[in-house]
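Quick note: the sequence shown uses the UniProt record's numbering, first residue 1, plus one each step. Beta carbons: idealized from backbone N, C-alpha and C, even for Gly. Written out below as structure tokens is the structure these notes cover.
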Amino acid sequence: MSLILFAFVVRVRDGLPLSASTDFLHNKELQERKQQLKVISKSLSSLPERGTVKGHELNIHFLSSEGVSYMTVCACGLPAATAFCFLEDLRWEFTACFDDSAVALASRPYPFLEFGRMTNKNSAIQKLQQHYNQKGGPSLEVTLAEVQEDLRTSPPQVLTIEHMTLTNGAANGHVEQTAASGQSQRLEPVSAPGILSLVLNIMCAALNLIRGFHLIEYTFQDDYDGLWNVVAFLLAFLCCVCQCHLYLFHTCQKKLKSFTLLTLIILCNAFLFGLRNIWQLGFHMSVACLSTLLTLHRKPLDRNMDCGV
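Structure representation (structure tokens):
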């Protein structure tokens with residue numbers, strides 16, 4: 001029975017697959033482990049240089065060095081020292097064939113596929129894998145002894161696939177959102193009434209801003225008698241902009257913020273009674289009420305609806 005079943009070489013910074021060995025086994029757990037390798041490869045930048053993910057019959061071991069990670073799926077009966085010795089040998093073989101610039105410039109998956117393809121008689125991965133499976137380990141005992149001593153002084157971190165999934169999910173924005181990260185949570189699609197309220201809110205904001213700046217000129221000429229009217233117009237402008245932001249983006253304490261903005265808009269317009277007629281005041285307050293209602297009714301997407309994003 002083969003002890004080393006699969007080898008995988010990836011770039012650490014983005015998990016780009018560089019090369020892999022060929023296998024024709026239809027082992028269910030092996031296929032699962034190969035899928036888990038892809039999950040782990042996305043999190044390598046935040047993981048230690050050496051790690052192990054233990055399974056029922058198969059383990060995953062990985063070794064990262066100089067921006068490249070060397071990974072393998074092995075039988076549980078293979079000693080960890082032998083597995084990491086294999087990865088060290090694989091690292092030496094790979095660095096002898098490809099320099100750092102070739103790895104850094106790679107833009108497509110498996111650019112060094114010939115390094116591990118079985119059809120290539122000089123395939124380095126395949127030859128190394130066969131040697132370990134036939135000999136049961138490296139031919140140089142001194143190398144194995146060095147790796148054993150290194151593992152004793154600095155053992156690899158034992159990880160779980162659940163930890164890998166969580167880490168990878170956090171990196172891609174798919175973990176459950178908390179109050180602190182609420183800004184990035186996705187909301188339901190914008191509705192037609194929502195678009196209407198945004199347009200009306202922008203119109204109200206523009207009217208408030210224009211009237212506010214128009215009054216500034218007369219305020220300076222009349223010894224600041226109309227200063228509070230300017231403040232009311234500009235404050236109403238800011239509240240309209242904030243209402244648009246609240247509708248478009250998820251935030252914590254949305255209800256409190258929505259009612260606070262609505263109250264401020266009503267108070268500002270009440271203060272401006274006389275500069276605006278009853279119809280203008282009614283229009284601005286109605287738009288604010290509509291925006292508040294739609295903001296409170298726009299809910300976050302369920303996780304099962306957002307899983308494919």
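Where residue i falls: helix, strand or coil (DSSP)
i, result
"Leu159", "strand"
"Thr72", "strand"
"Leu16", "coil"
"Phe283", "helix"
"Val103", "helix"
"His297", "helix"
"Asn59", "strand"
"Val147", "helix"
"Phe112", "coil"
"Leu187", "strand"
"Phe233", "helix"
"Leu30", "helix"
"Ser154", "coil"
Sub-8 Å separation of residue i and residue j beta-carbons
i, j, result
"Pro156", "Gly51", "yes"
"Leu58", "Glu29", "yes"
"Leu87", "Leu113", "no"
"Cys85", "Pro138", "yes"
"Cys204", "Cys240", "yes"
"Ala124", "Glu93", "yes"
"Leu5", "Leu25", "yes"
Inter-residue Cα distance where the pair is residue i and residue j
i, j, result
"Arg13", "His61", "18 Å"
"Ser69", "His250", "38 Å"
"Gly182", "His245", "Note that Gly182 scores 42 on pLDDT, short of 50, meaning its location in the model is unreliable; the coordinates nonetheless yield the value given after this. If you take the alpha carbons of Gly182 and His245, they lie about 14 Å apart."
"Ala7", "Glu66", "18 Å"
"Leu47", "Lys135", "31 Å"
"Val158", "Gln31", "21 Å"
"residue 313", "Leu234", "Residue 313 lies beyond the range of the chain shown here (1 to 309); nothing can be said about it."
"Val9", "Arg91", "9 Å"
"Gly274", "Pro193", "31 Å"
"Pro111", "Leu16", "10 Å"
Assumed close pair residue i, residue j - CB separation to whole angstroms, cut-off 8 Å
i, j, result
"Ala80", "Leu151", "6 Å"
Chain D contact for residue i (CB, 8 Å cutoff)
i, result
"Thr160", "Protein chains in the displayed structure number just one, and chain D is not present."
**Prompt:** Is the stretch 282 to 294 in contact with the stretch 251 to 271, if contact means three or more CB pairs nearer than 8 Å?
**Reply:** Touching, per the Cβ criterion.
**Message:** For the stretch 142 to 150 against the stretch 35 to 44, do three or more pairs of beta-carbon atoms, one drawn from each stretch, fall closer than 8 Å, so that the two count as touching?
**Reply:** Touching, no.
**Message:** Within 8 Å, do at least three Cβ pairs link the stretch 229 to 239 to the stretch 200 to 220?
**Reply:** Taking 8 Å as the limit for Cβ pairs, the verdict is that the stretch 229 to 239 does touch the stretch 200 to 220.
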